[in-house]
Amino acid sequence: MKSLDGGFTPKEIKRLFKEADTDGSNSVDWREFLSWIINGTAMRGMGAKGAASFERLLNTETQDEASFVESAGCDEFGVPADYSGYRHVQLILDEFVAAYKDRHPKPVIETEVPQPDGRLVIVGDTHGQLADVLHILYHLGPPSANNRYLFNGDMVDRGNQGVEILLILFSFFLADNESIIVHRGNHENEDMNALHADNGGGFEDEVMEKYGLQVYRHFIGAFKTLSLASVINKEIFVVHGGLTRVKNLTIDYINTLPFQDYTAPHPLSTNVKEQLFSDLLWSDPTEYEGKYKSDRGVGIKYGPDVTTKFCSQNRLRFLVRSHQVPEDGRGFQKQHNDRCVTVFSASNYCGDGGNFGAVIVLSASNFPRYEVFEHFAAPLEEMPAIVAQGDATDWNQMSTSQQRESAESSKIARQEKTFERMIISIIEKKPQLWAFVIRNSLGQKLKADEFVQMLEECDP
Ligand SMILES: [Mn+2]
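Those letters in the sequence shown? Residues 1 to 460, per UniProt numbering, in order.
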């Protein structure tokens, strides 16, 4: 008998169905199906192939399943009443959604540097790198009404501690809704999160591994509430990506975007508002005047003239954006006559970037001038010891030596990554050549110089 999907035969499927149909009604509802999975009978006597196939089945979510998961509470899943782990996470997420929607119902927030002596800290991409967030919070103090933070998107994906970062930020918001503002980046987006971490995603896998599908859906719900931009003291515009293809763009027009309908619009949408939405989160500045197509496939490249016009039409001094690692391994970069400032906060990006991270600090007494603090976060496991040293630690000196120490290992890690990418593209584009590699190396890993030699021999 032909087996289905390499795992089940029709006969086996009939048997499994009967097993799941506990009340003999000749139909299996979701409650029965779930208890069948959770109490362990589902996997019993299935065999390795069957189990693998079953796992694939569970990983494939249909529309019905999604709406079921959305409406079901913990109890329906057969989770024991004494398990409190993810109930707390869900509680934080639910409360955050309600509280954030209530405090910030519009896509653009109008905020100010707290008067008379407060400050506002703008944090760029942190991409699941908890060490950077902890470094910043420790160094500049926890969020409060007088020490306000603005996280400018891309808190998740790539690094594997996006969950921890968001729960920290959301908890601070719940403690005091004047203490923190959270923007959406192009990675607070279901489609990006579904990608593998090596391809720039990873958040879905991270949440699935830590808490499962139900909690993941709540995180996605939270992403739909996050703001798209802020205006500080009516003078500084902050957004994750940058400016847009829309002519004579006003803040009022951005405020008409249906930003709570989805995490992100379709990237190829031809609807003007959806294009505007994508541009705000995806665009990059360029030194050339005008607007250009972006290599990213989403968003645009905008020149200094676009920035100048947007600022003057909206009576703004300058704009702050994130989304890119600044040049020369720095954490920030000024472009467009200092009117377009990039701030990026993930130091040693992806574990091998070798770059500094930075934050922008605006003080009430100094506005609109700002300070830039650059950092190179110590690895998470070294932090307790550093914190124990207390205020005596010279953060700047520490950053520099951290960066130097990791520079060499980063270089090696980068080379390995490049090598890996080369191999992948060869497998994809030149399978015969790859077969040749495997044959001649007898399954052993080739050294880089052997690899180069072989490519030269193979290239016609
Ligand atoms: Mn980004």
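Just so you know, even glycine gets a beta-carbon here, dropped at the ideal spot from N, CA and C.
All of these numbers come straight from a predicted model, not from anything done at the bench.
Worksheet item: Over what stretch of residues does the alpha helix (DSSP H) that includes G162 continue unbroken?
Response: Residue mapping note: residue 162 aligns to position 162 of the sequence shown, counting from 1. That run of the alpha helix (DSSP H) goes 162-175.
Practice prompt. Compute the beta-carbon to beta-carbon distance between T307 and D279, rounded to the nearest angstrom, for a pair I have assumed lies under 8 Å.
Written response: Translated into positions along the sequence shown, residue 307 becomes position 307. Translated into positions along the sequence shown, residue 279 becomes position 279. Contact flag wrong, Cβ pair sits at about 13 Å.
Fill in: Alpha-carbon to alpha-carbon, G354 and F332
The residue given as residue 332 occupies position 332 in the sequence shown. The residue given as residue 354 occupies position 354 in the sequence shown. C-alpha separation (whole angstroms): 14 Å.
Item to complete: Could you tell me the distance, in whole angstroms, from the CA atom of G128 to the CA atom of N160?
Response: As a working mapping, residue 128 is identified with position 128 in the sequence shown. As a working mapping, residue 160 is identified with position 160 in the sequence shown. Distance between the alpha carbons of G128 and N160: 5 Å.
Worksheet item: Quick one: is the Cβ of N186 within less than 8 Å of any heavy atom of ligand 1?
Response: Translated into positions along the sequence shown, residue 186 becomes position 186. Flag set: Cβ of N186 near ligand 1.
Worksheet item: From the DSSP output, which residues share a beta bridge with F151?
Response: The sequence position of residue 151 within the sequence shown is 151, counting from 1. According to DSSP, which records beta bridges pairwise, F151 is partnered with V123, V182.
Fill in: 9 Å Cβ cutoff met for A264 and D191
On the sequence shown, residue 264 is found 264 positions in, with the first residue counted as 1. On the sequence shown, residue 191 is found 191 positions in, with the first residue counted as 1. Yes; because the gap between Cβ atoms is below 9 Å, this pair is in contact.
Fill in: Option nearest N142 by Cα separation, candidates T286, L120, M155, D125
As a working note, residue 142 is residue 142 in the sequence shown. The question names Asn, but residue 142 is Pro in the sequence shown. Of the listed residues, the one whose Cα sits closest to P142 is L120.
Worksheet item: So what does V372 bridge to, in DSSP terms?
Response: Taking the sequence shown and counting its residues from 1, the one referred to as residue 372 is at position 372. According to DSSP, V372 bridges with I360.
Discussion item. Less than 8 Å separating the Cβ of G153 from some heavy atom of ligand 1?
Written reply: Taking the first residue of the sequence shown as 1, we reach residue 153 at position 153. Indeed, a heavy atom of ligand 1 lies less than 8 Å from the Cβ.
Worksheet item: Should S322 be counted as a contact of ligand 1 given a C-beta to heavy atom distance under 8 Å?
Response: Taking the sequence shown and counting its residues from 1, the one referred to as residue 322 is at position 322. True, at least one ligand heavy atom lies under 8 Å from that Cβ.
Worksheet item: Taking 8 Å as the cut-off, does the CB of D132 come closer than this to any heavy atom belonging to ligand 1?
Response: Counted from its first residue, the sequence shown places residue 132 at position 132. No.
Item to complete: Identify every residue that forms a DSSP beta bridge with A229.
Response: Reading the sequence shown from its first residue, position 229 is the one you call residue 229. DSSP lists V108, V239 as partners of A229.
Practice prompt. Please find out if some non-hydrogen atom of ligand 1 comes closer than 8 Å to the beta-carbon of L281.
Written response: For this step, residue 281 is matched to residue 281 along the sequence shown. Yes - ligand 1 has a heavy atom lying nearer than 8 Å to the Cβ of L281.
Discussion item. I want to check one thing, is the minimum distance from the CB of D338 to the heavy atoms of ligand 1 below 8 Å?
Written reply: On the sequence shown, residue 338 is found 338 positions in, with the first residue counted as 1. It does not: the Cβ of D338 is nowhere closer than 8 Å to a heavy atom of ligand 1.
Worksheet item: On the three-state DSSP scale, how would you describe S347?
Response: Residue 347 sits at position 347 when you count from the first residue of the sequence shown. Coil at S347, not helix or strand.
Item to complete: Mind reading off the beta-carbon distance from D284 to K309? Whole number of angstroms is fine, and I expect it under 8 Å.
Response: Against the sequence shown, residue 284 aligns to sequence position 284. Against the sequence shown, residue 309 aligns to sequence position 309. At roughly 17 Å, the Cβ-Cβ gap does not stay under 8 Å, so D284 and K309 are not in contact.
Worksheet entry | Coil, strand or helix - K102 by DSSP | As a position in the sequence shown, residue 102 is number 102, starting the count at 1. For the record, residue 102 in the displayed sequence is Asp; it is not Lys. In this structure, D102 counts as helix in the three-state DSSP scheme.
Item to complete: Measure how close the beta-carbons of I232 and P107 come, nearest whole angstrom, since I'm counting them as under 8 Å.
Response: The residue you call residue 232 lines up with position 232 of the sequence shown. The residue you call residue 107 lines up with position 107 of the sequence shown. 16 Å between Cβ atoms; not a contact.
Worksheet item: What residues are listed by DSSP as bridge partners for P285?
Response: Working through the sequence shown from its first residue, we reach residue 285 at position 285. P285 pairs with Y302.
Worksheet entry | Spatial neighbours of A346 in its chain, beta-carbon cut-off 7 Å, leaving aside the 5 residues before and after | Taking the sequence shown and counting its residues from 1, the one referred to as residue 346 is at position 346. So the list reads D125, T126, H127, Q129, D132, G357, once near-sequence residues are dropped.
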